Structures are given as structure tokens and as C-alpha cells.
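Top line first, the protein sequences correspond to chains A and B. Counting in our numbering, the first sequence runs from 1 upward without gaps. Counting in our numbering, the second sequence runs from 176 upward without gaps. Ideal Cβ placement from N, Cα and C applies to all residues, glycine included. Source: prediction; values computed, not measured.
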Amino acid sequence: MVIAQTIELRDDNGRLIHPLEQIDVKATVFIFTRTDCPISNRYAPELRRLGEKYGSKRIAFWLVYPDPATSGEVAREHREEYHYSFPALLDPDHRLVKLSGARVTPEAAVYIPGGSAGPRLIYRGRIDDRFVDFGKMRASPTQRDLEEVLAAIINGQTTETRTTPAVGCFIEDLK
Amino acid sequence: MTRQESIIPLTLLAGILLVLVLPGCGTFTSPPAAGSTVTYGADVQPLVHRNCAQPCHHPGGAGPFSLLTYQDVRKRARQIADVTRKRYMPPWLPEPEGPRFAGERRLSDGEIALLKRWVDQGMAEGNRVAAPNSIASREDGWQLGKPDLVLTLDKPYLLPAGDTDVFRNFIFPVPLTAPRYVKALEILPGNKRIVHHANLLVDRLQSSRRLDEADPGVGFGGMDIEMESAQFEPDTHFLFWKPGTAPAAEPPGMSWRLDPGTDLVLNVHLQPSGKAEAVQPSLGIYFTDEAPTLFPMLLQLEHDGALDIPAGATGFEVTDEYRLPVDVQVLGVYPHAHYLGKSIEGWASRPDRTRQLLIKIRDWDMNWQAVYRYEQPVALPAGSLFRMRWTYDNSADNIRNPNSPPKQVKAGNRSSDEMAHLWIQVLPKGGAEDRILLQETLMRARLRKYPEEFSAHYNLASVLQSRGSVEEAITHYASALKVRPGDALALNSLGTAYQAAGRLREAAGAYQQAIRGRPDYSDAHYNLGILLLRAGQGRQAVPHFEQVLRARPQDADAHNDLGSALLMQGSGGEALSHFRAALKINPDHAFARENLALAEKLTAQ
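Right, here's the structure in full:
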């Protein structure tokens, strides 16, 4: 179990945000992404679908850009280009990366409010099992890990923290 | 004069001209001594530049990101070390055994280790190298200079953001009025981000237009398409494009003919990028006045008929073989299967029992399929046996398996079907006779696999007829017609064979039957008209030539023959105008000139 500390990041309009202190949410989902990662970009339609399905069910989605070279303006353009309806956070110092343990883009980290103990990381890993490696991809996923976690949260089932390996561009390269 | 057509069912890759030249991979010189620090400037930059940046990963290039500067490479360092270690990049499927291919793009173990060391040691920049700015965005413009003819899709195709790969075919009508020889052809994909690779087919009968009309939207769907070919002109060249490849002019003497009325069909594999994309490809064609003097041929090893892969099967094998009747040089190979293909090996056993490996791929990946051309042609004597062995993995462990759970899979054109092909481009040592012998033996080999196949009987008959074995040709046309009764093309060709055998009554019967089946079939009308003309039945011949002229108003022969028929039935005045029309179209038409003189004399009397 990972206890999240207070964390403060800027969104793509330069406002300071405390994304883990949101009121009245069942869960907060961070999607680590990168403007120039093809695997990440290819997930845009699937992420839109998840956003539409769960966004109205008190699940907050955030795109997180860990590339220090990505400015707010670039992130806004990227969001528009791929029709993301989620707000975006810039994480140039990899604070959220370190907190969540995310390694690649795209990768998801899901937190649930944890009462006095603070938010708890309940899932970190792939969106689904479509990509097995670089260039190795199923025609369609056989397991939609992120969606399963969100469905469980909506149904009031809290689970142990789960992690899965994600395939994508290494965040560690972005320093 | 008789006109004959042949049909050859061409799968996607037939009739294709090779424009595949991969950037050379070169050799890595002076690796840093063990223990010394690997730096970007001294070690990594030359390696990454030659193998990654130059071919694809530059601004405007086919790669999804650039690897031109230290910052670019630094931001991908672990990824680069990882994908090179797994040999996913640079993409190169063939094993290093066997003869060397032109433009091999394969890193050595030492080069891969060097990249890893650089990452492990902290990715030092070392001496600052100026980022080469000399890489022009080659795919943004024509690499071979301004083409003689540019064909652009009139409307863009819109690829949805969705998550499934799309295989789409686009038709480019060729606006030529006379045949031209093509020495090079360049494909501009129109959107490099999503076009994974492209094949070009030569559709001489415009047979793909029916498919296009049946499919709403721009172009039509399908991973592999079949088409008819109007002349018995065997397939000669590969025409294939994938990102990072420069177009190549055909070797000297190997131009190919492009006829008026031909359609070029571009088959593209599109990978969605995550957002909706428009794609509007262009073709650039470069002509030469030099007719070909060397005539390569494409031989196909295949046994799609044996593809019946049970769900869950691993190691399912499909083999084929073909014995060469003549000496050849092998110029290149093109293996083709879909997502269940696991491995392919192609080789030849020479008569002296030596084995010549042609291609070996251990881990087939349809997405990186390519035409492979040998650096030096591989000589094989007559009597050598070509063999191929494909293996397939239809289990759930094959992550590319399009069916989840796996299900039984047979041959077919959809991406969820399978194929088992190995195309081999050969240059016969001898002349036309060798080519005919190759065609004949290929069709006989095909008939052994598919005794009931229309096109195999039909094409064998065509070859036999062209080398004078008319009676055997008639037998195979008849066999073809047993498979497809009433087929107009086969009936017309059967008529020409009867005619060649002197069986004129039967020839006329075959033409008449062809016309009954296809009333606007010009060639059958023409052939029947000629028969009637020779029999002195001008009056009966007239409507047939008129029918030809309705379809082909600029056919000088038909004008001349209609004139002759009219003259024969006593309509000299009308005949005059047709001889004049023939001469207007072709001033050198000797028969029309003679006939005109005769008609003028007759009408003057």
C-alpha cells in the first residue's frame, strides 16, 4: 500500500493544482503520456472511450506530461489534436512519476481517497494488454486492466493495490 | 490477325516493380576500447545517424519521432537500447545466413552492445557534433527528380482514429494515349504517419473498378486483391514501398511497359495514429524510350490450398516446390503471409545436391514484410529445385493472432485469413523460349496442386498456343471451360486456337458463343468478323466490325476491315470513308492504303 503525500503540479494553463485533494471523487486516474510517443498516441481513442464512460461517475481523469520539454502550450495543442477531454498536468520534475512509480508512457495510476491516511494507489500499469512489446501488438486486447479497476471502484469493491507491466516509451529517458 | 487475351489471377504482389532500396547499414569502425567511455559524439551519433536518422527518424521522415540531435537520442536512450537489443529496430527480418541482400539494415552484436554501454555509462555527449542538417525531407518531394507523370488520388481517404489497422486499395487510372516504358516509379504515401507500407499492382483490365464501385468511400478494402491481366505477359517486377526506402530506377535494360487503359492499384497498410487522419497518395512515373532488353519473371511458390490451420495449432507447415527447367539468376524474393505466419525458409537444391539458402526468417512479422533483393544475383542451373517452408502459429500464444480465442483459419484475402507465398524474381539466362518453358512448367506445377483451376488451365493453354502446341492448347481451354462454362474470355481464346488449327467452323462457333455470353465483347466480334471476311461473307462481317468501332472508334484495323467488308458487299462509298479513317489514325497502315486505292478505282468505275 502506497500512501500519497500532498502533491502540487501546474496544469497546462499554468494554474497550481492539488490533484490528489479533489472533493467528492471516487477515484483519480493519471495517464502518463508524451506528445511524441506513438504507442501513447494510439491509445487516445480508447482513453476517450474510458473518459466518456467513467468521467460522469465521479472518476477524475488527468493526462500527465512528464517531459520537461513539454510546455503548457504544447500540451494543450496535443490534447486538442487527439481530442482528449481530460485536463492535463505538467510533471517536469517527475514528482507524480516517482510517487506512482510509473515507468513508461502510456501508463495509468489510479488513486482512491483514503480518509485520514490520505489517497491510496490502487492500480498502476497498462491500460490494457494490447501491446506486448514494441511492435508486438494484439488485434484487440484480451484484458482491459484499467477498465476492470474502474468498474470495481464504481461497484464499491476496493481491492489490494495491483500493478501490471506497461509497454511504451521510457519516462526515465526524460530527464 | 487474331486477338487473344489471357487471364492470370494475380495476388497482390504480382506485376509489381521493385523500388526497394534500403539505406546501407555500413560497418561500424573503430569501436571504443573496453573500459573507455562511450560518447554520443564519437560513437553513438554515427551509428544512430546511419541506421536510424537518415532512413526514417528525421524531421519529415517516416519515423514517428526524430533522432537527429543529441537531445533527441538522449530522450529515447533506453528505448533505443531496448529495441535494438530485441532487434525490433532497425526493422530487418531475414537472418544473416545466406546470400547478402542489398541494403541490409542489421546491427552487429557489437553495435548493439555499444548502445547499451552508452546508456549504462550515463549517456555522455562527448565532443559536440553539429546535427547534420543535410537530410532533406525526402518523402516530402520526389527523390528521383520531377516525374514524367504524376498521378494523385483525386480525393483523400479518411482514416478514423479507431484502433484497427486498415488495408485499403486506391485506383489510379493511367492517362496515356500510347504505350510507354517505365524505368522508375516512386510512391508518395501522402501521410507518412499512418502509411505503414504500400504495394502497387498493374491492372491491365481495369478489373478492380468493380470492387471500387461496390465499396463506399474512397478506394476499397482488402489486404490482398486479385485481378485479371489482359495480356499473357508474365509478371516481371516487384513494386513495393515502405518507409525509409528510396525509390530505385530499374536496372539497365529492365524497363517495363505501361499501356493506355491500364489502372495502377495502390494497396496500402494504414495504421491509425490515435486521431483521424487523411491520406492522399501520389505516384510519380519516370519513362524511358528504351524498350526492355532483359526480361525478369516472378515465380511463385505457394500452397494456399493446403492452408487449413486448426485452432490452437503451433508449427503447422505449408510447403511447395518447383523445378527450374532453365538456367536463371535469382534477383530477389518476397515472402508473404499474414498474422499467423511464424517462420519462412526458401532455398534451392542444385542438381549437384548443393543447397542454396534464399531467405530465412525466424520470427515473421507481417508489419515489416518487404521485398529483398540480392546484392549479387544468385545463379542456379536448370534442374534446381526451389522449395519453401512456411510455419504457422494459430495458438493464443501468438499475440498477433487476429482471432481470440483462436479459430480454424484457411487461405483468403482478409487479414484474418492466411497466405503461404514466396515470390522469386528470376532472370532467365536464355531468351523467349526459356521464358515460355518457365511459364509452361509453372502452370503445370499449379495444375498438379489445383487440377480444377480455371486460370491454370487457361494460362497453360495460352502458353501452349504461343509455342505452337495448338491441339493441347484446345484441350486445356476446354478444361478451363468445364470449370467455368460459357466463360467469354476462354471461348474467345478457344476460337483463336481452333482457328490456328484450321478448324474454322468450330472457331466461329466459339466466337459466337462468346458473343452470346457477352454481347459487347469487342475482341470476339473482331475475330468473328475476320473469319467471316475470309470466308467471303462481307455482309455478315459488317455488324461485328461496327460493334468493335463502337467500343474502339480509334481502331485503325477495325476501320480497314469494316471497309473491306463493305467493299465486298458492294458499298464502295461507305468503304472509302473507313479506309480514310484508318489512314487518318495510322498513316502507315499499308493494307488501308492498298484498299483505299482499290476502292477508289472500283467506285470510279
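Checklist entry - Once you ignore the five residues that flank B:Arg355 on each side, which residues in its own chain have a CB closer than 6 angstroms to its CB? => result Leu433 and Phe462
Checklist entry - The beta strand (DSSP E) spanning B:Met472 covers which residue range? => result Met472 to Glu477
Item to check | As assigned by DSSP and simplified to three states, the class of A:Val104 | outcome: strand
Checklist entry - What are the start and end residues of each continuous beta strand (DSSP E) run of 3 or more residues lying completely inside the segment 6-83 of chain A, in chain order? => result 9-11, 27-32 and 59-65
Item to check | Bridge partners - B:Lys158, DSSP secondary structure assignment | outcome: There is simply no residue 158 of chain B to check, as chain B begins at 176 and stops at 780 in what is shown.
Next on the checklist: With three or more C-beta pairs closer than 8 angstroms as the rule, is the segment 511-523 of chain B touching the segment 260-267 of chain B?
Outcome noted: no
Next on the checklist: Measuring only the C-alpha atoms, how far is A:Val149 from A:Pro165?
Outcome noted: 15 angstroms
Checklist entry - Under a CB-based cut-off of 8 angstroms, is B:Pro265 close to chain A? => result no
Checklist entry - Quick one: which chain A residues come within Cβ less than 8 angstroms of B:Gln254? => result Phe134, Cys169, Phe170 and Asp173
Checklist entry - To which residues of the same chain is A:Arg58 closer than 6 angstroms at the C-beta, ignoring the five residues directly before and after it? => result Val25 and Lys26
Item to check | According to DSSP, residues forming a beta bridge with B:Leu375 | outcome: B:Leu441
Next on the checklist: Taking a contact to mean a Cβ-Cβ separation below 8 angstroms, would you say B:Phe342 touches B:Gly392 in this structure?
Outcome noted: no
Checklist entry - Using the rule of at least 16 other Cβ atoms within 10 Å of the residue's Cβ for burial, across every protein chain shown, is A:Ser140 buried or exposed? => result exposed
Checklist entry - Using DSSP with H/G/I as helix, E/B as strand and the rest coil, what is B:Leu724? => result helix
Checklist entry - Does the distance from the CB of B:Leu639 to the CB of B:Tyr497 come in under 8 angstroms? => result no
Item to check | Meets three-Cβ-pair contact criterion under 8 angstroms: the segment 583-601 of chain B and the segment 448-465 of chain B | outcome: no
Item to check | CB-CB length for B:Trp539 against B:Ala512, believed under 8 angstroms | outcome: 6 angstroms
Checklist entry - If contact means a Cβ-Cβ distance below 7 angstroms, which residues of the segment 576-595 of chain B contact chain A? => result Pro577 and Ser579
Checklist entry - What's the call for A:Asn13, buried or exposed, on a 16-neighbour Cβ count within 10 Å? => result exposed
Next on the checklist: Residues of the segment 336-352 of chain B in Cβ contact with chain A at a cutoff of 9 angstroms, in chain order, please.
Outcome noted: Ala336, Gly337, Asp338, Thr339 and Asp340
Checklist entry - Counting contacts by CB-CB distance shorter than 8 angstroms, is A:His83 in contact with chain B? => result yes
Checklist entry - Quick one, which of B:Pro728, B:Leu506, B:Gln729 and B:Leu737 has its alpha-carbon nearest B:Leu703's? => result B:Leu737
Next on the checklist: List, in chain order, every chain B residue whose beta-carbon is nearer than 8 angstroms to that of A:Ile43.
Outcome noted: Rather than Ile, the amino acid found at residue 43 of chain A in this sequence is Tyr. Within chain B, the residues near A:Tyr43 are Gly449.
Checklist entry - Is any heavy atom of the ligand ZN found at a distance shorter than 7 angstroms from the C-beta of B:Leu326? => result The model on display carries no ligand, and the ligand ZN is accordingly not part of it.
Item to check | Residues near B:His790 by beta carbon distance below 7 angstroms, same chain, minus five either side | outcome: There is simply no residue 790 of chain B to check, as chain B begins at 176 and stops at 780 in what is shown.
Next on the checklist: Quick check: what's the CA-CA separation for B:Val658 versus B:Glu628?
Outcome noted: 7 angstroms
Checklist entry - Taking only beta-carbon atoms, is B:Pro526 less than 8 angstroms away from chain A? => result no
Checklist entry - Below 8 angstroms between beta carbons: does that hold for B:Val325 and B:Asp378? => result no
Next on the checklist: Once the 5 residues before and after B:Leu187 are set aside, which same chain residues still bring their CB inside 7 angstroms of it?
Outcome noted: Legend: pLDDT at B:Leu187 = 32, less than 50; position of this residue unreliable, value from coordinates given subsequently. Closer than 7 angstroms at Cβ, skipping near neighbours: Asn374, Leu376, Asp399, Ile400 and Asn442.
Checklist entry - Mind pulling the chain B residues with CB within less than 8 angstroms of A:Arg138? => result Ile574, Arg575, Asn576 and Ser579
Checklist entry - Name the residues in the segment 462-496 of chain B whose C-beta lies less than 8 angstroms from a C-beta of chain A; which are they? => result none
Item to check | The beta strand (DSSP E) enclosing B:Val357, as first and last residue numbers | outcome: Arg355 to Leu363
Checklist entry - A:Glu46 touches chain B at which residues, Cβ-Cβ below 8 angstroms? => result Asp338
Checklist entry - Going by other Cβ atoms of all chains shown within 10 Å of its Cβ, with 16 needed for buried, is A:Gln143 buried or exposed? => result exposed
Next on the checklist: At the level of alpha carbons, what is the spacing between A:His94 and A:Asp11?
Outcome noted: 14 angstroms
Item to check | Closer than 8 angstroms to chain B by CB, A:Asp91 | outcome: no
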